[in-house]
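If you count the sequence shown from 1, you need to add 37 to reach the working numbering. All C-beta atoms in this analysis are idealised placements derived from N, C-alpha and C, irrespective of residue type, glycine included. All values reported here derive from a predicted model rather than from experimental measurement.
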Amino acid sequence: MSSLQVTRGTRDITAPEIYYWQQLETTARQILQQAAYTEIRTPIFEATELFSRGIGEATDIVGKEMYTFNDRGDRSLTLRPEGTAGVARSYIENGLFAQGGVQRLWYMGAMFRYERPQAGRQRQFHQLGVEVLGSADARADAEAIAIASDFLQALGLTDLVVDLNSVGSAEDRVNYRQALVDYFTPFIDDLDADSRDRLTRNPLRILDSKDKRTQEICQDAPSILDYLSTDSQEHFAKVQLLLSDLQISYRLNPRLVRGLDYYTRTAFEIQSTALGAQSAVCGGGRYDRLIAELGGADVPAVGWAIGLERLVILLQQIATAPKANVDFYIVSRGEAAEIKSLAIAQILRKAGFVTELDITGSKFDKQLKRASNAEAKAAIIIGDAEIAAAQVQIKWLATGDQEAIAIADLVTHLQSN
Ligand code: HAM
38 MSSLQVTRGT RDITAPEIYY WQQLETTARQ ILQQAAYTEI RTPIFEATEL FSRGIGEATD
98 IVGKEMYTFN DRGDRSLTLR PEGTAGVARS YIENGLFAQG GVQRLWYMGA MFRYERPQAG
158 RQRQFHQLGV EVLGSADARA DAEAIAIASD FLQALGLTDL VVDLNSVGSA EDRVNYRQAL
218 VDYFTPFIDD LDADSRDRLT RNPLRILDSK DKRTQEICQD APSILDYLST DSQEHFAKVQ
278 LLLSDLQISY RLNPRLVRGL DYYTRTAFEI QSTALGAQSA VCGGGRYDRL IAELGGADVP
338 AVGWAIGLER LVILLQQIAT APKANVDFYI VSRGEAAEIK SLAIAQILRK AGFVTELDIT
398 GSKFDKQLKR ASNAEAKAAI IIGDAEIAAA QVQIKWLATG DQEAIAIADL VTHLQSN
């Protein structure tokens with residue numbers, strides 16, 4: 038049998054990379070807590086219908102990318118390809134609407150899409166997302182974008198651009214769809230196969246085609262901005278005013294269409310020039326119809342999700358790996374010393390020191406080598422002689438200085454150093 042390997046499009050995250058993940062998770066929690074967002078955890082699999090209705094039958098995600106299976110009770114289930122639909126379902130099911138006011142929620146976790154894996158694109162990937170439910174106010178859109186931007190800045194990332202568009206309301210899009218069909222139909226033979234297929238199913242998505250010839254044709258396609266109702270125009274102008282007031286720079290991109298069908302009005306992406314083809318770090322927008330379409334009340338909402346694999350790629354470019362910091366490394370030899378070593382490790386941990394205990398039983402010099410590899414401040418050395426005297430030796434690794442100290446005084450002594 039060939040050796041077992043991780044499945045294509047999935048990967049193990051091990052040290053030192055894991056320290057970048059921990060760093061961004063801690064920063065995310067801080068930023069979101071400051072903005073009074075509450076964490077929500079929804080299931081990793083849900084009824085397939087939630088995603089087909091929520092994200093849209095005509096999208097690539099629903100059409101080609103979902104991990105769908107029947108369980109033993111013959112229910113069709115799907116591993117979540119994104120977080121918004123699950124949050125919307127939970128909002129409806131748990132009656133969060135009845136609580137009134139605005140719900141600001143965040144989540145972090147694994148998502149699954151059957152895509153062709155490449156740098157920054159995986160089949161199991163991770164998103165940090167926020168959903169703000171219950172407000173049609175342009176401040177909700179601008180605040181959400183500001184928080185994404187705060188988070189990325191707090192991580193030290195630069196070279197980021199906010200692409201901003203309005204995809205209009207469902208009503209605005211009826212006329213725009215027709216205008217696109219009228220525009221693209223004469224070019225039908227020049228369009229790539231996917232775009233030809235989209236012409237009837239989802240003409241807006243043609244604007245997102247990566248095919249060169251199709252892109253050329255798109256150059257002169259009608260702009261959504263010419264089809265916005267007065268209300269949608271006003272909302273879009275307000276979002277821009279608020280972003281300018283916050284000094285968040287953005288560029289208008291009337292061709293920005295997102296890969297999910299639930300968007301209305303504001304749509305945005307944050308792109309990084311330091312990533313390759315998969316340059317979108319964050320994608321989001323307003324989705325005023327989704328809750329109602331899934332059977333809930335008429336609740337406007339806005340949100341975004343950041344792809345964490347892409348963030349980690351960016352963090353690795355700008356900073357050396359953060360380290361696990363060990364304060365003290367305990368080395369011991371001899372039966373009595375080894376028994377006492379565990380109790381001492383526990384005492385130091387309870388006192389708040391990061392403490393690693395060597396349990397290899399190898400010679401002192403080998404254990405001390407590991408203490409310095411761990412970059413501990415000091416090695417705490419325990420041998421038969423120390424046990425007999427109820428002491429330990431502290432070897433400060435930066436200087437090589439060594440001192441004996443009574444076990445009873447160890448914590449106070451280490452705290453004063
Ligand atoms: P999305 O644009 O499909 O939006 O995904 C958001 C981000 O997730 C992308 O910009 C990218 O960074 C990351 N991402 C997507 N697919 C992959 C993949 N296969 N591998 C690695 N990273 C990936 C959504 O998912 C919406 N739910 C966002 C949203 C929330 N809109 C409103 N609320």
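Express the C-alpha separation of residue j and residue i in angstroms, rounding to a whole number.
i	j	result
Glu440	Leu385	17 Å
Ser399	Ala373	15 Å
Glu86	Gly100	13 Å
Gln67	Ala135	28 Å
Lys406	Ile418	12 Å
Gly110	Trp143	32 Å
Asp263	Ser269	11 Å
Thr121	Ala183	19 Å
Leu61	Gln256	38 Å
Thr96	Met103	11 Å
Glu375	Leu394	10 Å
Lys360	Pro53	7 Å
Tyr213	Ala258	11 Å
Asp364	Ile442	17 Å
Gly296	Ile350	23 Å
Ala413	Gln353	24 Å
Ser127	Ala177	20 Å
Asp282	Ile243	34 Å
Using the Cβ count rule (16 or more neighbours within 10 Å means buried), how would you classify residue i?
i	result
Ala415	buried
Gln404	buried
Gly193	exposed
Ser172	buried
Phe106	exposed
Lys432	buried
Ile396	exposed
Leu69	buried
Gly332	exposed
Ile355	exposed
Thr392	buried
Ala427	exposed
Ile1	The chain is shown only over 38 to 454; residue 1 falls outside these bounds and no answer can be derived.
Ser266	exposed
Thr301	buried
Gln159	buried
Gly389	exposed
Pro240	buried
Glu423	buried
Glu168	buried
Thr115	buried
Gln140	buried
Of all the options the options, which has the alpha carbon lying nearest to the alpha carbon of residue i?
i	options	result
Lys377	Leu69, Trp341, Gly420	Gly420
Ser89	Ala427, Leu327, Gly344	Leu327
Asn202	Pro240, Asp248, Ala183, Thr303	Thr303
Ala185	Thr96, Ser266, Trp341	Trp341
Val336	Ser113, Thr51, Phe82, Ile129	Ile129
Met148	Gln161, Pro154, Pro291, Leu142	Gln161
Gly166	Pro118, Val211, Gly138	Pro118
Thr251	Ala317, Arg233, Leu133	Arg233
Ser316	Ala443, Ile307, Arg210	Ile307
Gln190	Pro80, Val318, Ala122, His163	Val318
Asp438	Asn454, Thr449, Ala425	Asn454
Arg347	Leu379, His163, Gly132, Asp446	His163
Ala179	Val43, Leu352, Phe305	Phe305
Gln71	Gly46, Thr47, Ala181, Thr44	Ala181
Between residue i and the ligand HAM, is there a pair consisting of the residue's CB and a ligand heavy atom that are separated by less than 8 Å?
i	result
Thr397	no
Val339	yes
Glu208	no
Met103	no
Ala342	yes
Asp237	Note that residue 237 is Thr in the sequence shown, not Asp. No, the beta carbon of Thr237 sits no closer than 8 Å to any heavy atom of the ligand HAM.
Val167	yes
Thr115	no
Gly320	yes
Glu330	no
Glu119	yes
Leu297	yes
Arg158	yes
Phe188	no
Phe162	yes
Glu306	yes
Comparing the C-beta of residue i with each C-beta of chain B, is any distance below 9 Å?
i	result
Glu54	This model lacks chain B altogether; it includes just one protein chain.
Could you check whether the Cβ of residue i sits closer than 8 Å to any heavy atom belonging to the ligand MN?
i	result
Tyr324	With respect to small molecules bound, the structure shown includes the ligand HAM and not the ligand MN.
Worksheet item: Which ranges would you report for the alpha helix (DSSP H) in the segment 159-247 if only whole runs of at least 4 residues count?
Response: If we require 4 residues or more, the alpha helix (DSSP H) runs fully inside the segment 159-247 come out as 175-191, 207-221, 230-238.
Discussion item. I'd like the ranges of any beta strand (DSSP E) spanning at least 3 consecutive residues and lying wholly in the segment 52-90.
Written reply: 82-84
Worksheet item: Where in the segment 380-421 do unbroken runs of the alpha helix (DSSP H), each at least 4 residues long, occur, reported from the N-terminal end onward?
Response: 401-410
Fill in: Whole runs of the alpha helix (DSSP H) within the segment 325-381, excluding any shorter than 4 residues
Entirely contained in the segment 325-381, the alpha helix (DSSP H) runs reaching 4 residues are, in chain order, 327-330, 345-355.
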